[in-house]
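J.: Residues 1 to 86 in the working numbering are what the sequence shown lists, from first letter to last.
I am attaching a structure below and will ask some questions about it afterwards.
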Amino acid sequence: MACNKNHDNTDNIVRDLPIGQEGVGRHKCASCAYEIGYQHGLQKAENINLANVLDGLEESQKGDRRHRSPHAAYSLGYYNGVVDSY
Ligand SMILES: [Zn+2]
């Protein structure tokens, strides 16, 4: 399944992330990864199975988020979520 969500705001963030397509994150939507990470960060989620998170993402080859590392996207989202929770 290809991601059809509107990621206009998130795409501006993830386009500066490194290129990376390792493991289960290959071809996954980096903007979705960022947004899930952000929600987890807001909640300060502690029991995270990143393989499951990444495996559950939809795929994307689109625009600025193409080939961006979902690992980097998730962790940056998590960080920003924690910062914004204070
Ligand atoms: Zn997406």
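Note that beta-carbon positions come from the ideal geometry of N, C-alpha and C, so glycine has one too.
Quick check: TYR38 and VAL14, are their CB atoms within less than 9 Å of each other?
T.: Not in contact: TYR38 and VAL14 (Cβ atoms no closer than 9 Å).
J.: Less than 8 Å between the CB atoms is what I'm expecting for GLY23 and TYR78, so what's the real figure, rounded?
T.: Rounded, the Cβ-Cβ distance is 18 Å, inconsistent with contact.
J.: For ALA45, which three-state DSSP category applies?
T.: In this structure, ALA45 counts as coil in the three-state DSSP scheme.
J.: Tell me whether the beta-carbon of SER75 lies closer than 9 Å to the beta-carbon of ILE19.
T.: Going by C-beta atoms, SER75 is not nearer than 9 Å to ILE19.
J.: Looking only at its chain, what residues have a beta carbon closer than 7 Å to the beta carbon of ALA72, apart from the 5 residues adjacent to it on each side?
T.: Taken in chain order, the residues that qualify are LEU17, PRO18, GLY20.
J.: What number of angstroms, rounded off, separates the C-alpha of ASP55 from the C-alpha of GLY81?
T.: Spanning the two alpha carbons is a distance of roughly 21 Å.
J.: Quick one: using the 10 Å Cβ neighbour count with 16 as the cut-off for buried, is ARG26 buried or exposed?
T.: By the 10 Å Cβ count, ARG26 comes out exposed.
J.: Per DSSP, ALA2 is paired with what?
T.: For ALA2, which the question treats as bridged, DSSP gives the partners GLU59.
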